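Some notes on the structure that comes next.
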Amino acid sequence: MYPAAFDYRAPKTLDETLALLKEKGDDAKVMAGGQSLIPLLKLRFAQPALVIDIGRLPSMATIKKQDGYVSIGALVRHVDIERSEDLKSWLPIMGEAAHWVADPLVRNRGTVVGSVCHADPSGDWGAVMLALGADLVARSASGERVIHATDFFTGPLTNALKPDELVTEIRIPVPSGASGGAYNKLERKVGDFATAAAAVQVEMKDGKLSRVGIGLTAVGETNLKAAAAEKSLTGQQPTDALIAEAARLAASAATPKGDVRGSAEFKKDMVRVLVQRGLKTAVARAKGGKA
Amino acid sequence: MKVNGSERSGDVEPRVLLVDFLRSNLRLTGTHIGCDTTSCGACTVLIDGEPVKSCTVLALQAEGRSVTTVEGLAQGATLSAVQDGFHQEHGLQCGFCTPGMMLVGTALLARNPNPTEEEIRWAISGNICRCTGYMNIVKAIQHAAKAAKPAAAAVAGGGE
Numbered sequence: 080m081y082p083a084a085f086d087y088r089a090p091k092t093l094d095e096t097l098a099l100l101k102e103k104g105d106d107a108k109v110m111a112g113g114q115s116l117i118p119l120l121k122l123r124f125a126q127p128a129l130v131i132d133i134g135r136l137p138s139m140a141t142i143k144k145q146d147g148y149v150s151i152g153a154l155v156r157h158v159d160i161e162r163s164e165d166l167k168s169w170l171p172i173m174g175e176a177a178h179w180v181a182d183p184l185v186r187n188r189g190t191v192v193g194s195v196c197h198a199d200p201s202g203d204w205g206a207v208m209l210a211l212g213a214d215l216v217a218r219s220a221s222g223e224r225v226i227h228a229t230d231f232f233t234g235p236l237t238n239a240l241k242p243d244e245l246v247t248e249i250r251i252p253v254p255s256g257a258s259g260g261a262y263n264k265l266e267r268k269v270g271d272f273a274t275a276a277a278a279v280q281v282e283m284k285d286g287k288l289s290r291v292g293i294g295l296t297a298v299g300e301t302n303l304k305a306a307a308a309e310k311s312l313t314g315q316q317p318t319d320a321l322i323a324e325a326a327r328l329a330a331s332a333a334t335p336k337g338d339v340r341g342s343a344e345f346k347k348d349m350v351r352v353l354v355q356r357g358l359k360t361a362v363a364r365a366k367g368g369k370a
Numbered sequence: 019m020k021v022n023g024s025e026r027s028g029d030v031e032p033r034v035l036l037v038d039f040l041r042s043n044l045r046l047t048g049t050h051i052g053c054d055t056t057s058c059g060a061c062t063v064l065i066d067g068e069p070v071k072s073c074t075v076l077a078l079q080a081e082g083r084s085v086t087t088v089e090g091l092a093q094g095a096t097l098s099a100v101q102d103g104f105h106q107e108h109g110l111q112c113g114f115c116t117p118g119m120m121l122v123g124t125a126l127l128a129r130n131p132n133p134t135e136e137e138i139r140w141a142i143s144g145n146i147c148r149c150t151g152y153m154n155i156v157k158a159i160q161h162a163a164k165a166a167k168p169a170a171a172a173v174a175g176g177g178e
């Protein structure tokens, strides 16, 4: 399959990229690894006049900790997350989630930021970013703004970026104190999209949950934040009964559609199971003293 | 781009996929087109030593990079350790997935010379064998790992 014809630019600097976006952003698509965009181009679901390949921009493939957050650059690939020793100690949920993204070959090219910007409700990273309370840094020729993950996903395959903006990095707050996370995904086979998945991240203080983040995959128009479930646990001791109730609240926040992967009813119940399992794992990890 | 150790070039439209550039422009037809939708891995090649699906890479993205196809595995008439493993362990039936499987196996052994069976199975999890001959594919990669020949030497121009 051939994509429809497009012009191609591979700028060498960020300034050049932002100038291109300012001039032609309305009719352009940004490509990092291309693992979501190229299939869309081939199926002709997307027919941009211009593809801006940011794959050759320097110093964007970095994972670093600064000013209380972990920064994931725009060219950090899924495989980089999977192999990062730093993230294993800072935010172990990242490596756990990366392992579930697509398949190993796609993970060698696809990027986290690209996947988040693609905003597929079945994407894994959106749920993780919602659970972690991440911020996206959007740059344009006229400046920079920070978009919180909860404001980023505006619909299926649509996000809050303006046509002239580029996400240069994702910033994830470094957990304070004891923390734990888990990403649980039900998929039919490697490489398939999730039937349902849940990202859970907790922080604990004096035996109580000081922060709870829950993000859901493939069960709504966007990745969903299970706010009521988070609220029901925050400030509480995580008992089995409270966790079961929170999982039920998360399931009731899900609005899945039935398809070949299962009925809507089945998927909602899987959300309950995956959130319950994730919360128990995350709490155990937080208590185990491992971040 | 460098393909199997040699500089190769060509003029292509931006929309040309790497797999089509390899097959049509360079006549390297060992790289197969299977599903054409990033699912099956028949089109696997190595870019800078890492396996990728060349139906989901633009030829232009590989400009200046080092690409290894199945044609680059053997050294003259001498099979690479992974190729020999597939030969010895009957790691192929129809052969359609074989180039991809061998390249994935080559890249795995370059990173991890002594993989467990589970690690091998995860490594090939993005590649589909339509004959379902996975048992022997795993054995073939294990055979290559045991062979004295370091697999890393078989990655022509690999950057791992």
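Protein chains in written order, with this note's numbering: chain A, 80 to 370; chain B, 19 to 178. Backbone N, C-alpha and C define an ideal beta-carbon position, used for all residues, glycine too. No experiment lies behind these values; they were computed from the predicted model shown.
Between residue i and residue j, is the Cβ-Cβ spacing less than 8 Å?
{"i": "B/C112", "j": "B/C149", "result": "yes"}
{"i": "A/W169", "j": "A/K144", "result": "yes"}
{"i": "B/A165", "j": "B/D102", "result": "yes"}
{"i": "A/V279", "j": "A/G357", "result": "yes"}
{"i": "A/S331", "j": "A/L321", "result": "no"}
{"i": "A/A44", "j": "A/E244", "result": "A query on residue 44 of chain A cannot be resolved here, the shown segment of chain A reaching from 80 to 370 and no further."}
{"i": "B/N130", "j": "B/E136", "result": "no"}
{"i": "A/T296", "j": "A/A273", "result": "yes"}
{"i": "A/A107", "j": "A/L100", "result": "yes"}
{"i": "B/M19", "j": "B/E81", "result": "yes"}
{"i": "B/G151", "j": "B/G59", "result": "no"}
{"i": "A/A305", "j": "A/A329", "result": "yes"}
{"i": "A/G112", "j": "A/P252", "result": "no"}
{"i": "A/A275", "j": "A/P335", "result": "yes"}
Just reading off the alpha helix (DSSP H) that residue i is part of, what are its end residues?
{"i": "B/H50", "result": "B/H50 -> no alpha helix (DSSP H), and no H or E assigned at all."}
{"i": "B/N10", "result": "There is simply no residue 10 of chain B to check, as chain B begins at 19 and stops at 178 in what is shown."}
{"i": "B/I159", "result": "Y152 to K164"}
{"i": "A/E161", "result": "H157 to R162"}
{"i": "B/G103", "result": "A99 to Q106"}
{"i": "A/F232", "result": "Segment F232 to G234 is the beta strand (DSSP E) holding A/F232; no alpha helix (DSSP H) there."}
Taking the alpha carbon of residue i as the point to measure from, which residue in the options has its own alpha carbon closest?
{"i": "B/V37", "options": "B/P117, B/F104, B/A92 and B/A99", "result": "B/P117"}
{"i": "A/C196", "options": "A/V246, A/Y81 and A/G260", "result": "A/V246"}
{"i": "B/A77", "options": "B/L126, B/L35, B/Q160 and B/D29", "result": "B/L35"}
{"i": "A/V185", "options": "A/P317, A/V269, A/K366 and A/V362", "result": "A/V269"}
{"i": "B/F114", "options": "B/I146, B/N130 and B/V100", "result": "B/I146"}
{"i": "B/R45", "options": "B/T62, B/V21 and B/E68", "result": "B/V21"}
{"i": "A/S342", "options": "A/M283, A/A329, A/V298 and A/A98", "result": "A/V298"}
{"i": "A/A140", "options": "A/A239, A/F124, A/D146 and A/H157", "result": "A/H157"}
{"i": "A/I117", "options": "B/L64, B/H50, B/Q79 and B/A162", "result": "B/Q79"}
{"i": "A/V207", "options": "A/N302, A/T233 and A/P137", "result": "A/N302"}
{"i": "A/E161", "options": "A/N187, A/Q114 and A/S138", "result": "A/N187"}
{"i": "A/I281", "options": "A/E300, A/S150, A/E266 and A/P254", "result": "It is Val, not Ile, that sits at residue 281 of chain A in the sequence shown. Among A/E300, A/S150, A/E266 and A/P254, the Cα nearest to that of A/V281 belongs to A/P254."}
{"i": "B/K157", "options": "B/H105, B/A128, B/L121 and B/A125", "result": "B/H105"}
{"i": "A/R250", "options": "A/Y81, A/L119, A/S150 and A/D86", "result": "A/S150"}
{"i": "A/D214", "options": "A/G205, A/V225, A/W204 and A/A220", "result": "A/V225"}
Can you find a CB in chain A that lies within less than 8 Å of the CB of residue i?
{"i": "B/A162", "result": "no"}
{"i": "B/K71", "result": "yes"}
{"i": "B/L76", "result": "yes"}
{"i": "B/R33", "result": "yes"}
{"i": "B/S24", "result": "no"}
{"i": "B/Q101", "result": "no"}
{"i": "B/E178", "result": "Since pLDDT at B/E178 reaches only 39, below the 50 mark, its modelled position is unreliable, and the value read off the structure follows with that caveat. So, not an interface residue."}
Using a beta-carbon distance below 8 Å, is residue i in contact with chain B?
{"i": "A/N374", "result": "This structure does not reach residue 374 of chain A, given that chain A is present from 80 up to 370, and the question cannot be answered."}
{"i": "A/I117", "result": "yes"}
{"i": "A/G134", "result": "yes"}
{"i": "A/P82", "result": "yes"}
{"i": "A/T92", "result": "no"}
{"i": "A/V354", "result": "no"}
{"i": "A/Q114", "result": "yes"}
{"i": "A/D86", "result": "yes"}
{"i": "A/V298", "result": "no"}
{"i": "A/V130", "result": "yes"}
Over what stretch of residues does the beta strand (DSSP E) that includes residue i continue unbroken?
{"i": "A/Q126", "result": "Counting along the chain, A/Q126 falls outside any beta strand (DSSP E), and DSSP gives it neither H nor E."}
{"i": "A/T296", "result": "K287 to T296"}
{"i": "A/L215", "result": "D214 to S219"}
{"i": "A/E266", "result": "Premise fails: A/E266 is in no beta strand (DSSP E) and is neither H nor E."}
{"i": "A/M110", "result": "A107 to M110"}
{"i": "A/G222", "result": "G222 to H227"}
Please determine whether the Cβ atom of residue i lies at a distance below 7 Å from any heavy atom of the ligand MN.
{"i": "B/S27", "result": "Of the ligands one can find in the structure shown there are none, so the ligand MN has no counterpart to examine."}
Practice task
Residues of the segment 129-144 of chain B with a CB closer than 8 Å to any CB of chain A: list them in chain order, please.
Solution key: W140, A141, S143 and G144
Handout entry: Where the segment 39-71 of chain B meets chain A: residues whose CB sits under 7 Å from a CB there
Key = D54, T55, T56, S57, G59, T62, E68, P69, V70 and K71
Handout entry: Near-chain B residues of the segment 270-288 of chain A - C-beta to any C-beta below 8 Å
Key = G270
Practice task
Could you name the residues of the segment 175-200 of chain A whose beta carbon sits closer than 8 Å to any beta carbon of chain B, in the order they occur along the chain?
Solution key: A181, D182, P183, L184, V185, N187 and R188
Practice task
Scan the segment 219-252 of chain A for residues whose Cβ lies nearer than 7 Å to a Cβ of chain B and list them as they occur along the chain.
Solution key: none
Problem - chain A contacts made by the segment 78-109 of chain B, where a contact means CB separation under 7 Å - result: L78 and Q79
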